[in-house]
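Structure, as structure tokens:
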Amino acid sequence: MFRKSLLIFFTFFITLFSAAAGAFGASDDYRLDFDPADLKLIRIENVNGEPFSAAIRNFATGREFEYFKGDYIGPLEVYKIETMQVELRHKLSRQRYMLALPIDKIDRYAEKSFKDQAELDYDQAALYYKAGDASRAVELLQKAVAGRNGYEDALFFMAYIYHENNYFREAYEYYSQVMVVNPRNYKCLYNMAEILAANSRVNDAVATLKKCLKLRPDYQKAISLLDKINDELEARDKKDKLSKENASMRVREVEMLKKTVAQYAENIKQLETALAEAKKSKADIKPIEAELSRYRLLYNNSASSLEEKLKK
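And the structure:
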């Protein structure tokens, strides 16, 4: 009985020690080697009015990097990027750390939170566009842009309306203005690439899509369009190569036919001379006439083939 109890005790002790060792190893893997309090949110980048990325600086090291949702700062996941703050979560314990914008930037945002006339014009333009009145929507958006210099959302909306209605030149112009205001607007770059591709400016479209994917590597629409363009380019290259091969073959065939026709003409000339001499000497002319007929037939067929080749 005593031995059985002792065995149970040692089994329990070994299990407990193994679990503790495993937990210690796991926590070591997810250990913070910096103080989260040293992390400061510097700015938040927006695309089309939505938070897109966050610049976070470690004031202990002085290093600053741009992060996207799902990125990691050591064991801390960038879990959420909002208008004025970023939420980090420890990937093991799931403990939360909140980083807020500096107070001066929050104050500036609060000042803008009250809608001005430009935003009211934008909202009204959206209603008109939904109702099917694109012309009135564009008028209101132009008014909004005039009221607020560099109004990204209004410029993008105007470009989108022109784009949807196949006014590609105007759409591209407004998309270009958006990129001046916000060079990180990856959606704008994608739409510009669409226009370039539609107007057969394939190389420019590819370059623009690469810029888009550099900003947002997982943007599926850009990936799909780039794949489609590359497939079309590959098919076109194959077609061009085949066309060049066919053209080269045609040139060789024409040259060969020219030589053949010239040779048959020379043979006919020689046979006609031989026939004339045979008639003078009253020799047997039938073999010569038969050979002459054969070469005349060959000449006519080859000359006809050459004429057809030259017409193509």
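Under our numbering, the first residue of the sequence shown is numbered 752, with each subsequent residue one higher.
Just so it is clear, CB atoms sit at the ideal spot from N, CA and C, and this is done for glycine as well.
{"Query": "Extent of the continuous alpha helix (DSSP H) run through Ile-795", "Result": "Looking at the DSSP string, Ile-795 is not in any alpha helix (DSSP H); the run it does join, the beta strand (DSSP E), is 790-798."}
{"Query": "Euclidean distance between Cα positions of Met-930 and Tyr-970", "Result": "18 Å"}
{"Query": "Own chain residues within Cβ distance below 8 Å of Leu-960, not counting five before or after", "Result": "Leu-940, Tyr-941, Ala-944, Ala-973, Leu-976, Leu-977 and Ile-980"}
{"Query": "Closest residue to Leu-984 among Leu-1043, Ser-951, Tyr-1015 and Ser-1056 (Cα-Cα distance)", "Result": "Ser-951"}
{"Query": "Which of helix, strand or coil DSSP assigns to Pro-802", "Result": "strand"}
{"Query": "Buried/exposed call for Val-1002, threshold 16 Cβ in 10 Å", "Result": "exposed"}
{"Query": "Tyr-902 versus Ile-832: straight-line alpha-carbon distance, rounded", "Result": "22 Å"}
{"Query": "Alpha-carbon spacing of Pro-934 relative to Gly-883, whole angstroms", "Result": "31 Å"}
{"Query": "Beta-carbon separation (whole angstroms), Leu-783 vs Leu-850, contact threshold 8 Å", "Result": "Not quite, the Cβ-Cβ distance comes to about 15 Å (not below 8 Å), so this is no contact."}
{"Query": "Residues sharing a beta bridge with Leu-960, DSSP", "Result": "According to DSSP, Leu-960 bridges with nothing at all."}
{"Query": "Residue range of the unbroken beta strand (DSSP E) whose run includes Tyr-818", "Result": "814-818"}
{"Query": "Simplified DSSP state of Lys-1037, which is helix, strand or coil", "Result": "helix"}
{"Query": "Lys-842 (DSSP reduced to helix, strand or coil)", "Result": "coil"}
{"Query": "Completely contained beta strand (DSSP E) runs for the stretch 939-1026, where each covers 3 or more residues", "Result": "none"}
{"Query": "Per DSSP, cross-strand counterpart(s) of Ile-832", "Result": "Val-837"}
{"Query": "Exposure label - Asn-1051; buried when at least 16 CB within 10 Å", "Result": "exposed"}
{"Query": "Neighbour-count burial assignment, Phe-803, 16 or more Cβ in a 10 Å radius", "Result": "buried"}
{"Query": "Where Leu-1057 falls: helix, strand or coil (DSSP)", "Result": "helix"}
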